[in-house]
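Enquirer:
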Amino acid sequence: MTLDDLHDLDVLVVGAGNAAANAALAARERGAQRVALIESAPEQARGGNSAFTGGAFRFVYDSVDDLLKLAPDIADLDLPNIDFGTYTREQYFDDIGRLTEFRADPDLTEVLIGNSYDAALWLRRHGVRFQPALGRQAFKVGGKFRFWGGLACHILGGGTHLVEALHHALADARVGVLYQTQAMGLLYGERGIEGVRAMHAGRQVDIRARAVVLACGGFESNAEMRARYLGPNWDLAKVRGTRYNTGWGHRMAMEIGAAVAGHWSGAHAVQWDMNAPEFGDLTIGDRFQKHNYPFGILVNAKGERFLDEGLDFHSFTYAKYGHEVLKQPGLFAWQIFDQKVTKLLRDEYRIARITKETAGTLEELATKLTGVDPEGFLRTVRAYNAAPRPDVQFDPNVHDGLRTQGLAIDKTNWANPLDTPPYEAYGVTTGVTFTFGGLKVSTDGEVLDASGMPIRGLFAAGEIVGGLYYHNYGSGTGLVAGVVFGRRAGAGAAALAAR
25 MTLDDLHDLD VLVVGAGNAA ANAALAARER GAQRVALIES APEQARGGNS
75 AFTGGAFRFV YDSVDDLLKL APDIADLDLP NIDFGTYTRE QYFDDIGRLT
125 EFRADPDLTE VLIGNSYDAA LWLRRHGVRF QPALGRQAFK VGGKFRFWGG
175 LACHILGGGT HLVEALHHAL ADARVGVLYQ TQAMGLLYGE RGIEGVRAMH
225 AGRQVDIRAR AVVLACGGFE SNAEMRARYL GPNWDLAKVR GTRYNTGWGH
275 RMAMEIGAAV AGHWSGAHAV QWDMNAPEFG DLTIGDRFQK HNYPFGILVN
325 AKGERFLDEG LDFHSFTYAK YGHEVLKQPG LFAWQIFDQK VTKLLRDEYR
375 IARITKETAG TLEELATKLT GVDPEGFLRT VRAYNAAPRP DVQFDPNVHD
425 GLRTQGLAID KTNWANPLDT PPYEAYGVTT GVTFTFGGLK VSTDGEVLDA
475 SGMPIRGLFA AGEIVGGLYY HNYGSGTGLV AGVVFGRRAG AGAAALAAR
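Residues 25 to 523, numbered by the numbering used here, are exactly what the sequence shown covers, in order.
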């Protein structure tokens, strides 16, 4: 696609990731004839954060029959020895309420959950493949896998496959993408939004459209905005994904009076390899993350534990525990494991580019942890190992109640002593995924002004939408939200353009 093709558009979508692609596909299916996307990244870096995702997808399901519609290959598995369980609407509501401290917008949450399974079917219809999340959300105990955390399926091939499949679908629908085009302002007239002002090939251009969908991500790639909204030291955090989510969409909309919503001082932030690059690397994807900390302990530069590693399954703590690492001296920590659990560590612990130390004794390990006080570390581990525990069996598939007692910070589940060498340690810092503050939208994706009225012609979807996430995040929710609200925003934009 060239700039000359971007004229007399029905719908213009800003962005080219999951939410953006689904908005464009929905607009075409609802009758919009001329639909296009503009993307600030070059084509080889397209897809925003969607390109970096591991592919978790949180949806309601009642039985294995629901899963078979998404991933027919499940029928070939040893089903009698796999307990997929269920994930009900009530469980989904409970998880979102608990994780956000009941601040999530109830109307948006209702739409998200009610349309979550249909969102998965929609993706499958557009060429996206799913697989059961064995080894990520289910471990084999007593010869049987048991799923936990509400995540039975992942997207096969993660973000790479997701972006490729959606862009194939866009091509089939005759929807073009103009790359290296940065939207910088909204064109606003008597009829409402009339397009965007953008920079392309070093010059300013106006792209006219009857409706605009902003699906250009959060502001996590902008160090200045991270420091301004998230607070001190957030400008020093790593960025898990794209370098192109710099907050232009937020600013464009706010400049014309859009209302804001959500947790502007909050973000999805995880434990990320301490020597990872400043921004995400598509050749590595999401594998700089280190999510198996519930089966070990975390220590800071003083050699001290600073959180309850076993508070919950990683799916419900990983997005907030990155914040805790950023609060530590030097902005780093080390995850420590012994051989009782290393077989449970995901493949992200086995990549070539990793900050790892191994030792045959705790005393030897103490000297290898860069930046950590060796004596403080040994005091911490000895106290942790000596703490009383109930006589219960370790079980990674449930909250097993194997907890310490009497420590300054007790570990409330999966608290095996560290006593089986060799020991493994992994250095981590904070990796920001996306920011929680965004634009206020209706359940149909219309961007609202300060009075609560829709700004005519302006829609939003994806990480730019505020109101769904506060304090914490349940893994797999973001991709679902991108599909659900991308479709609604695209359909609404098409309907307005037709009028």
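Glycine residues also receive a C-beta, built at the ideal position from the N, C-alpha and C atoms.
If we ignore side chains and look at the alpha-carbon of each, how far apart do residue 61 and residue 49 end up?
Expert: 11 Å
Enquirer: Beta carbon of residue 349, beta carbon of residue 457: below 7 Å?
Expert: no
Enquirer: For residue 187 and residue 390, what's the separation of their Cα atoms in angstroms?
Expert: 43 Å
Enquirer: Where does residue 207 fall in DSSP's three states?
Expert: Reduced to three states, the DSSP call for residue 207 is strand.
Enquirer: The alpha helix (DSSP H) with residue 120 in it runs from where to where?
Expert: 113-123
Enquirer: Are residue 312 and residue 263 close, meaning C-beta to C-beta below 7 Å?
Expert: no
Enquirer: List in chain order: all unbroken alpha helix (DSSP H) runs of 4+ residues lying wholly within the segment 351-423.
Expert: 386-392, 398-410
Enquirer: Measure from the alpha carbon of residue 274 to the alpha carbon of each residue in 286, 356, 243, then state which is nearest.
Expert: When each option's Cα is compared against that of residue 274, the closest is 243.
Enquirer: Just list the alpha helix (DSSP H) runs in the segment 265-332, keeping only unbroken ones of 4 residues or longer that don't cross its boundaries, in chain order.
Expert: 272-279
Enquirer: Can you name the start and end residues of the beta strand (DSSP E) that residue 230 belongs to?
Expert: 227-238
Enquirer: Is the separation between the beta-carbon of residue 76 and that of residue 183 shorter than 7 Å?
Expert: Going by C-beta atoms, residue 76 is nearer than 7 Å to residue 183.
Enquirer: For the beta strand (DSSP E) containing residue 156, list its first residue and its last residue.
Expert: 154-156
Enquirer: Can you tell me where the alpha helix (DSSP H) with residue 147 in it begins and where it stops?
Expert: Taken as a continuous stretch (DSSP letters only), the alpha helix (DSSP H) holding residue 147 covers 140-149.
Enquirer: I'd like to know whether the C-beta atoms of residue 98 and residue 169 end up nearer to each other than 7 Å.
Expert: no
Enquirer: Going by alpha carbons, who is nearest to residue 423 out of 366, 339, 375?
Expert: Of 366, 339, 375, the residue nearest in Cα terms is 339.
Enquirer: In this structure, how does DSSP classify residue 130 when only helix, strand and coil are distinguished?
Expert: In the structure shown, residue 130 sits in a helix (DSSP, three-state: H, G or I).
Enquirer: Tell me which residues share the same chain as residue 255 and place their Cβ nearer than 8 Å to its Cβ, disregarding the 5 neighbours each side in the sequence.
Expert: Its chain contains 289 as the residues whose beta carbon lies nearer than 8 Å to that of residue 255, once the 5 sequence neighbours on both sides are disregarded; these appear in chain order.
Enquirer: Compute the distance between the beta-carbons of residue 397 and residue 451, then report whether it is under 7 Å.
Expert: No, the pair does not count as a contact, with Cβ atoms beyond the cut-off.
Enquirer: Can you tell me whether residue 87 is buried or exposed, with buried defined as 16 or more other CB within 10 angstroms of its CB?
Expert: exposed
Enquirer: Give the secondary structure of residue 249 by DSSP, where H, G and I count as helix, E and B as strand, and everything else as coil.
Expert: helix
Enquirer: What three-state label does DSSP hand residue 442 in the structure shown?
Expert: If DSSP states are grouped into helix, strand and coil, residue 442 belongs with coil.
Enquirer: Which residue or residues does DSSP assign as beta-bridge partners of residue 62?
Expert: 38, 202
Enquirer: Quick check: what's the CA-CA separation for residue 234 versus residue 217?
Expert: One Cα belongs to residue 234, the other to residue 217, and the distance between them is close to 7 Å.
Enquirer: If we ignore side chains and look at the alpha-carbon of each, how far apart do residue 293 and residue 266 end up?
Expert: 14 Å
Enquirer: For residue 400, which option in 85, 322, 120 has the closest C-alpha, if you only look at C-alpha atoms?
Expert: Taking only the C-alpha atoms, the option nearest residue 400 is 322.
Enquirer: From the DSSP output, in three-state form, read off residue 104 for me.
Expert: helix
Enquirer: How many Å lie between residue 471 and residue 237 at the Cα?
Expert: 9 Å
Enquirer: Excluding the five sequence neighbours on either side, which residues of its own chain have a C-beta within less than 6 Å of the C-beta of residue 268, listed in chain order?
Expert: 64, 65
Enquirer: Please classify residue 126: is it buried, with 16 or more other beta-carbons within 10 angstroms of its beta-carbon, or exposed?
Expert: exposed
Enquirer: Which residue or residues does DSSP assign as beta-bridge partners of residue 85?
Expert: 111
Enquirer: Which residues in the same chain as residue 405 place their Cβ atom closer than 7 Å to its Cβ, once the five residues preceding and following it in sequence are excluded?
Expert: 386, 442
Enquirer: If you follow the beta strand (DSSP E) that residue 27 is in, where does it begin and where does it stop?
Expert: For residue 27, no beta strand (DSSP E) encloses it, and the DSSP letter there is neither H nor E.
Enquirer: For residue 478, which beta-bridge partners are listed by DSSP?
Expert: 472
Enquirer: Let me confirm a value: residue 192 is counted as buried when at least 16 other C-beta atoms fall within 10 Å, else exposed. Which label applies?
Expert: So residue 192 counts as exposed.
Enquirer: Check the DSSP bridge columns for residue 454 and list the partner residues they point to.
Expert: 295
Enquirer: Which residues share a DSSP beta bridge with residue 168?
Expert: 165
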